[in-house]
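Position 80, counted from 1, in the sequence shown is what my numbering calls 113; the numbers after and before it change by one each time, with no gaps.
Heads up, the beta-carbon is just placed ideally off N, CA and C, and yes, glycines get one too.
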Amino acid sequence: MGLRCTSYLHPRGCRPRLHDVECLCFDERWKESHFLGFIQTLFLFYSYLTVLAQRSSHTQAEDRLFKHLFGGYNRWARPVPNTSDVVIVRFGLSIAQLIDVDEKNQMMTTNVWLKQEWNDYKLRWDPAEFGNITSLRVPSEMIWIPDIVLYNNADGEFAVTHMTKAHVFFTGTVHWVPPAIYKSSCSIDVTFFPFDQQNCKMKFGSWTYDKAKIDLEQMEQMVDLKDYWESGEWAIINATGTYNSKKYDCCAEIYPDVTYYFVIRRLPLFYTINLIIPCLLISCLTVLVFYLPSECGEKITLCISVLLSLTVFLLLITEIIPSTSLVIPLIGEYLLFTMIFVTLSIVITVFVLNVHHRTPSTHNMPKWVRVALLGRVPRWLMMNRPLPPMELHGSAGLKLSPTYHWLETATDAEEREETEEEEEDENICMCAGLTDSSMGILYGHSSLHLRTLGPEAKSPSQESEIMLSPQIQKALEGVHYIADHLRSEDADTSVKEDWKYVAMVVDRIFLWLFIIVCFLGTIGLFLPPFLAGMI
């Protein structure tokens with residue numbers, strides 16, 4: 034009952050109610066709870082004072098240790114008890130990022146961590162005397178550090194610029210891992226660009242101390258790639274280090290170095306999509322120029338457009354590949370090959386158009402052209418030329434040309450049939466009174482075979498019977514003129530068609546020739562990097 038009105042916040046253990054009702058009070062419970070809270074507060078306060086005391090003691094011990102170590106420390110002297118002793122520096126390299134490979138300036142930019150470790154006898158202490166402190170982080174400017182630099186530096190600082198703190202152990206071992214961004218010179222071989230593989234090196238060594246003063250040891254044979262951030266353009270295939278000793282012309286001493294070789298391969302997807310595939314498509318367009326009919330009048334336009342496209346690609350690639358005259362990159366060779374390809378197509382197209390528009394009044398077709406390009410070569414290329422309409426139904430000697438079909442009358446047809454049946458050697462013309470030029474108006478070409486009478490067979494009566502009026506003779510002369518004109522036009526048209534067919538045959542020859550050259554040229558250019566394992 035009384036628990037409902039119990040309040041541990043009230044001094045008596047009870048809280049006042051609205052009605053004056055007697056409640057139960059538990060003074061002993063209230064006193065016990067406050068006593069426990071007081072004990073907890075004292076414990077926390079004591080713990081805090083203990084931590085402060087320990088920190089103060091550790092800080093004092095660290096201060097004493099710093100004074101002990103660096104009271105008379107000389108950072109310019111080598112950390113050896115005897116001048117004849119050699120400082121052994123263990124060296125390792127960890128690469129964080131391959132930032133850039135500059136083909137033009139022949140440089141490789143990397144973000145690396147230089148892992149260096151040596152022993153400094155002047156930085157030893159007994160942990161028991163200094164609060165069990167086993168290691169210290171000290172500024173690298175306060176201690177002796179080896180002057181290891183990048184020998185093949187191309188730009189920027191040769192040595193480390195960001196002087197991080199060094200980790201010093203009580204045994205005297207100093208561990209220093211400063212980060213650095215280096216631009217190292219690298220001989221870029223762009224023979225198989227963009228399917229190229231480069232071998233770049235980074236040579237580290239002491240600049241002033243020879244092997245008798247400082248010697249290097251490798252921490253690891255390989256470059257540490259655990260923290261490497263993958264590049265979007267280059268892939269590291271291999272990265273190994275070697276120890277070397279070399280005597281330079283400037284000095285008599287021998288200087289050690291550790292050289293790391295990076296074998297990197299370019300990822301060619303970007304160049305394949307943006308350069309190689311467009312060039313292949315342009316080459317295909319060049320081949321199609323020879324399949325385009327000459328009558329359309331766009332063959333030269335297509336060739337010039339392809340040539341301009343290649344020029345744009347050539348301007349683009351000059352900003353990417355290094356400016357060197359030692360080798361021509363693979364993509365440059367392919368673009369040059371395609372440009373020569375297109376230039377030859379323009380020259381050949383001009384020649385084909387010239388042949389296509391030849392006429393009998395300007396050119397005579399040589400016999401070898403008629404034999405080769407109208408007879409043999411079309412059969413080899415499986416080209417079947419349609420027969421002219423006049424040759425579809427029979428021999429040319431027995432049928433009229435369709436151009437002159439309207440000249441043949443019914444009488445002429447009967448006479449031609451009689452001539453074919455009788456197979457007479459002499460043709461007798463009923464128009465004996467005509468002149469020689471009038472007698473053969475339609476003879477041969479129009480198949481109007483006129484009979485001619487001998488002089489001895491003529492009689493005055495017959496001549497009077499077949500005498501024609503001057504109007505008819507004039508009309509026959511007009512027909513003779515028209516027939517000659519149509520005969521000439523038919524011959525000209527036939528020769529023009531022959532020249533057009535010759536142009537078509539030449540187009541087909543170069544179509545197959547360019548297809549073969551384009552295929553073999555593409556295979557020949559990309560086969561060497563494929564055999565070298567770069568594709």
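Taking the CA atoms as reference points, Phe303 sits about 30 Å from Met255.
The beta carbons of Thr292 and Lys236 sit closer together than 8 Å. Taking a contact to require three or more Cβ pairs closer than 8 Å, the region 327–345 and the region 101–116 do not qualify as touching.
Per DSSP, Met196 is not a residue of any beta strand (DSSP E), being assigned neither H nor E. The C-beta separation of Ile270 from Arg298 comes to about 5 Å, placing the pair in contact by the 8 Å criterion. With respect to the 8 Å criterion, Asp153 and Thr142 are not classified as neighbours on the basis of their beta carbons. Around Phe226, the same chain offers Ile354, Pro362, Leu363, Ile364 as residues with beta carbons nearer than 7 Å, after the five sequence neighbours per side are excluded. Counted as a single uninterrupted DSSP element, the alpha helix (DSSP H) harbouring His389 occupies residues 363–389. With a threshold of 16 other beta carbon atoms within 10 Å, Gln149 meets it and is buried.
Ser239 places its beta carbon 8 Å or farther from that of Val201. Assignment of His396 by DSSP, reduced to helix, strand and coil, places it in the coil class. In terms of Cβ geometry, Ser218 and Ala187 form a close pair [threshold 8 Å]. Ranked by how close their Cα comes to the Cα of Ala129, the residues Trp146, Phe552, Leu313 have Trp146 in first place. Listed in chain order, the non-local C-beta contacts of Asn185 below 6 Å within the same chain comprise Ser217, Ser218, Lys236, local neighbours out to five positions each way being set aside. For the pair Lys400 and Thr344, the Cα-to-Cα distance works out to about 42 Å. Taking a cut-off of 8 Å on C-beta distances, the region 313–321 does not touch the region 270–280, as fewer than three cross pairs fall below it. In this structure Lys332 is in contact with Leu386, their Cβ atoms being roughly 7 Å apart against a cut-off of 8 Å. Around the beta carbon of Met196, fewer than 16 other beta carbons sit within 10 angstroms, so the residue counts as exposed. Ile128: member of the beta strand (DSSP E) spanning 120–135, first to last residue. Rounded to whole angstroms, the separation of the alpha carbons of Asp222 and Tyr215 is 21 Å. Arg541 is a Cβ neighbour of Met416, given a cutoff of 8 Å.
In the structure shown, the three-state DSSP call for Lys148 is strand.
In the DSSP assignment, Thr204 is bridged to Arg157. Annotation note: the region 222–267 contains the following uninterrupted beta strand (DSSP E) runs of length 3 or greater, listed N- to C-terminal: 230–239, 247–251.
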